[in-house]
Amino acid sequence: AQTVTQSQPEMSVQEAETVTLSCTYDTSENNYYLFWYKQPPSRQMILVIRQEAYKQQNATENRFSVNFQKAAKSFSLKISDSQLGDTAMYFCAFMKGTNFGNEKLTFGTGTRLTIIP
Amino acid sequence: DVKVTQSSRYLVKRTGEKVFLECVQDMDHENMFWYRQDPGLGLRLIYFSYDVKMKEKGDIPEGYSVSREKKERFSLILESASTNQTSMYLCASSSPGTVGETQYFGPGTRLLVL
Chain A
1 AQTVTQSQPE MSVQEAETVT LSCTYDTSEN NYYLFWYKQP PSRQMILVIR QEAYKQQNAT
61 ENRFSVNFQK AAKSFSLKIS DSQLGDTAMY FCAFMKGTNF GNEKLTFGTG TRLTIIP
Chain B
1 DVKVTQSSRY LVKRTGEKVF LECVQDMDHE NMFWYRQDPG LGLRLIYFSY DVKMKEKGDI
61 PEGYSVSREK KERFSLILES ASTNQTSMYL CASSSPGTVG ETQYFGPGTR LLVL
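Top line first, the protein sequences correspond to chains A and B.
Residue numbers for the first sequence follow the working numbering, beginning at 1 and rising by one.
Residue numbers for the second sequence follow the working numbering, beginning at 1 and rising by one.
Laid out in structure tokens, this is it:
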């Protein structure tokens with residue numbers, strides 16, 4: 001079974017600063033996917049960024065980037081030039097890779113990020 | 001635009017009541033999921049479905065059942081609600097065939113069982 005650990009329950013940072021959210025996971029799989037999802041207050045959860053384990057290059061999406069360390073089983077999210085709209089609960093998630101999809105997501109416990117004006 | 005809707009944002013029920021939570025997606029997705037979200041525990045999978053009339057247990061299925069009679073609709077049923085089922089319930093859907101597929105979430109139903 002897979003486990004996902006987010007050791008920072010809460011974080012806060014000043015607007016325009018850079019913040020890094022930590023995530024570690026445990027798996028015996030070699031083929032898998034990692035995700036960061038964002039849940040703004042009273043709004044729907046949305047995908048922020050995704051990383052395929054077989055890709056060495058770290059994924060980036062505008063101000064969001066990841067530091068994927070496969071050997072260390074670490075998958076941190078960096079938010080650059082943070083904005084007030086980044087205030088949200090952030091969940092790290094793991095999905096086992098198969099040839100046909102249809103796999104479940106295993107979520108961490110979340111990090112509540114507050115951007116301070 | 002992708003859309004997953006849930007029948008209620010807030011729900012208050014009494015212990016012992018039968019509770020239905022409805023989820024509808026308009027993306028023609030085969031996969032649908034029900035999670036519960038609790039502080040400090042993250043999201044935990046209750047049930048999921050890969051096709052109409054198919055269902056599989058997730059990590060915490062006890063006290064719940066599901067129904068999927070149509071592709072776009074996935075219902076979560078609490079047969080006899082208990083106070084420990086007070087939680088936020090999230091529905092999600094995804095399209096299979098794309099490995100590592102993104103799940104799309106509904107807005108959630110906050111259920112209070114008194």
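Glycine included, C-beta positions come from ideal geometry on N, C-alpha and C.
Neighbourhood of residue i by C-beta distance below 8 Å, restricted to the same chain and skipping five residues each side
i               : result
ARG14 (chain B) : ALA81, VAL113, LEU114
LYS53 (chain B) : ARG68, GLU69
SER12 (chain A) : LEU113, THR114, ILE115, ILE116
GLU56 (chain B) : TYR47, PHE48, SER49, TYR50
Close Cβ partners of residue i (< 6 Å) along its chain, the five nearest in sequence each way excluded
i                : result
GLU10 (chain A)  : ARG112
ILE46 (chain A)  : LYS38
THR20 (chain A)  : SER76, LYS78
VAL48 (chain A)  : TRP36, LYS38, PHE64
GLU22 (chain B)  : SER7, SER75
ASP115 (chain B) : Residue coverage of chain B in this structure runs from 1 to 114, which leaves residue 115 (chain B) outside it and unanswerable.
Per DSSP, cross-strand counterpart(s) of residue i
i                : result
SER65 (chain B)  : B:ILE77
SER76 (chain A)  : A:ASN67
ASP28 (chain B)  : In DSSP, ASP28 (chain B) forms no bridge with anything.
GLU10 (chain A)  : A:ARG112
ARG110 (chain B) : B:TYR10, B:MET88
ARG50 (chain A)  : A:PHE35
LYS57 (chain B)  : B:TYR47
ASP38 (chain B)  : B:GLY42
LYS70 (chain B)  : B:ARG73
Same chain, Cβ closer than 7 Å to residue i, neighbours up to 5 away in sequence not counted
i               : result
GLU17 (chain A) : SER82
PHE75 (chain A) : CYS23, TYR25, LEU34, GLN51, VAL66, PHE68, CYS92
HIS29 (chain B) : SER93, SER94, SER95
TYR32 (chain A) : ALA53, PHE94, MET95, LYS96, GLY97
Residue range of the unbroken beta strand (DSSP E) whose run includes residue i
i                : result
GLY42 (chain B)  : 42-49
TYR32 (chain A)  : 32-39
VAL19 (chain A)  : 19-21
THR27 (chain A)  : Segment: none, THR27 (chain A) is in no beta strand (DSSP E) and carries neither H nor E.
MET45 (chain A)  : Segment: none, MET45 (chain A) is in no beta strand (DSSP E) and carries neither H nor E.
LEU105 (chain A) : 105-107
Partner residues on chain B for residue i, Cβ-Cβ distance less than 8 Å
i                : result
GLN44 (chain A)  : VAL4, PHE105, GLY106, PRO107, GLY108
THR109 (chain A) : GLY40, LEU41, GLY42
PHE91 (chain A)  : GLY42, LEU43
Per-residue contacts from residue i into chain B (C-beta, under 7 Å)
i                : result
LEU47 (chain A)  : THR102
LEU105 (chain A) : GLN103
Under 9 Å by beta carbon: chain B residues contacting residue i
i               : result
PHE94 (chain A) : Within 9 Å Cβ-Cβ: nothing; PHE94 (chain A) doesn't reach chain B, min ~11 Å.
beta-carbon residue i near the ligand NAD non-hydrogen atom, thresh 7 Å
i               : result
LEU45 (chain B) : The ligand NAD is absent from the structure shown, which contains no ligands of any kind.
Can you give me, in chain order, the residues of the region 38-72 of chain B that have a beta carbon less than 8 Å from any beta carbon in chain A? Listed by position along the chain: GLY40, LEU41, GLY42, LEU43, ARG44, LEU45, PHE48, TYR50, GLY58.
Between the region 77-93 of chain B and chain A, which residues of the former have a C-beta closer than 9 Å to a C-beta of the latter? Result list: LEU90, ALA92.
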